[in-house]
Amino acid sequence: MTFLSFFKCAKGTTSAHPEADAVETFFESQASSQSHLFSPQLADEATPNEVARRHFKPVLPPVFSSPTGVVTVPCNDTDLVNKQDEVNNAPHVLSAQDQDILASLFPNTINTNFCLLAPASGDRQASSEPLRVGVVLSGGQAAGGHNVICGIFDYVKRVNPASTVFGFLGGPHGVFSHEYVELTEAIIDKYRNMGGFDMIRSGRHKIETDEQKQKSLEICEKLQLNGLVVIGGDDSNTNAAILAEYFKSKGSSTSVCGCPKTIDGDLKNRFVEISFGFDTACKTYCQQIGNLMRNAMTGGNTYHFVRLMGRSASLITLECALQTHPNYTFIGEEVMAKKQSLRQLVEALVDLVEARYAKGKQYGVVLLPEGLIEFIPE
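Take 32 as the starting number for the sequence shown in the working numbering and just add one per residue.
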């Protein structure tokens with residue numbers, strides 16, 4: 032029995048959040064019996080730094096800070112779309128064969144047109160009807176996840192104070208298992224500008240089976256959601272596309288949106304400059320790499336091998352190498368392009384160590400992406 036399960040049983044709670052109730056009960060009992068509280072009992076208290084962070088106001092693009100609201104503009108609207116021809120004639124990233132495969136998998140949504148966002152004005156007035164939106168965090172954590180939810184909350188409340196945002200708990204599993212909570216201003220304010228995904232927690236489940244899709248549709252209809260926002264990486268956005276296709280086939284009025292989130296930085300194109308989380312991850316890694324470099328120079332007899340995130344892309348490794356200048360860096364895409372074998376990679380490292388040893392340097396730092404093995408053509 033886990034710590035939380037023990038207190039759940041002890042309390043006999045039947046609330047929607049038994050774990051939170053258990054922890055709260057534990058802290059309350061500790062607080063009543065002790066005159067001095069240690070840091071674990073102060074979990075709900077904010078440090079001065081946290082208070083300052085919560086009051087920071089992120090700079091919004093003009094379209095989202097517009098007091099008149101936001102409207103979607105089809106790409107064929109020449110009045111508001113800049114460089115229309117450039118957008119409409121954007122080259123397809125996929126091959127014709129891949130396009131055909133996608134068309135067979137997503138027949139109801141494959142022809143969905145691009146839309147741009149623009150401030151409401153003139154005859155394009157934004158609706159002031161209350162919005163009901165569901166949000167779900169999916170996959171690994173990335174700095175900025177909480178602020179995506181906060182931004183959604185702020186906007187729908189600005190559209191109409193009667194708008195409601197629901198958070199599905201524990202990732203996609205919370206959608207088809209109907210586990211959710213209404214996000215209030217008190218909850219939102221606690222997590223503004225904070226890292227982690229602990230506001231509603233995340234998960235790596237996928238909505239794949241017909242039963243899971245149907246359960247997901249049922250909860251969206253029960254809550255009368257105008258939209259469901261899936262905040263996640265490549266797998267999660269694929270999941271969002273699958274849900275959108277299913278909802279469309281059933282005539283649902285709930286729109287499904289995917290928000291690109293991945294520290295790997297591999298969700299980008301001419302329309303998505305970069306996914307959130309990448310910049311913070313690189314800066315954090317670079318700080319630690321710099322510390323290891325200083326450590327290696329101090330001891331003078333150590334090689335540090337730093338394995339960085341990047342399952343199918345080496346973008347984090349590349350960015351960290353550009354910022355810290357390690358002694359050697361493996362780039363998965365380069366290994367694949369050159370068709371280098373594992374033996375060749377090892378020999379390159381041996382040559383490096385020998386060359387540095389000849390110069391009296393018996394230390395160094397080597398960077399490699401976590402998915403390097405996938406790029407070796409053997």
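Where a beta carbon is used, it is the ideal one built from N, C-alpha and C, also for glycine.
Query, Result
"Per-residue burial, A1 [other beta carbons within 10 Å of its own, 16 or more giving buried]", "Lying before the first or after the last residue shown, residue 1 is absent from the chain, which here runs from 32 to 409."
"Residues that I262 bridges to, as DSSP identifies them", "L168, C290"
"Residue span of the alpha helix (DSSP H) that contains G198, given as start and end", "It is not in any alpha helix (DSSP H) - G198 instead sits in the beta strand (DSSP E) that spans 195-199."
"7 Å CB neighbourhood of L373 in its chain, flanking five on each side removed", "I407, E409"
"S267 to K237 span [Cα, whole Å]", "8 Å"
"A149 - DSSP class collapsed to helix/strand/coil", "strand"
"Local conformation of F57 per DSSP, three classes", "With a pLDDT of only 42 at F57, under the threshold of 50, the placement of this residue in the model should not be trusted; the figure read from the coordinates follows. It is helical."
"Residue from P357, N326, E364, Y359 whose Cα sits closest to the Cα of G341", "E364"
"Selection from M328, L346, S280 that minimises the alpha carbon distance to K299", "L346"
"Inter-residue CB distance, V196 and F207 (contact presumed, cutoff 8 Å)", "That pair is no contact at about 19 Å."
"Presumed contact (8 Å Cβ cut-off) between G263 and C288, rounded CB distance", "Between C288 and G263 the Cβ distance is about 11 Å, and since that is not below 8 Å, they are no contact."
"Assigned secondary structure, F307 (DSSP; H/G/I helix, E/B strand, else coil)", "strand"
"Buried/exposed call for L68, threshold 16 Cβ in 10 Å", "Low confidence applies here, because L68 scores a pLDDT of 47, under 50, leaving its location unreliable; read the following figure in that light. By the neighbour-count rule (16 or more Cβ atoms within 10 Å), L68 is not buried but exposed."
"Where T109 sits in the DSSP three-state scheme", "In this predicted model, T109 has a pLDDT of only 45, less than 50, meaning its place in the structure is not dependable; the value taken from the coordinates is given anyway. Here T109 sits in coil by DSSP."
"Close Cβ partners of S286 (< 6 Å) along its chain, the five nearest in sequence each way excluded", "G258"
"N- and C-terminal bounds of the alpha helix (DSSP H) containing G363", "363-368"
"Spatial neighbours of S343 in its chain, beta-carbon cut-off 6 Å, leaving aside the 5 residues before and after", "G402"
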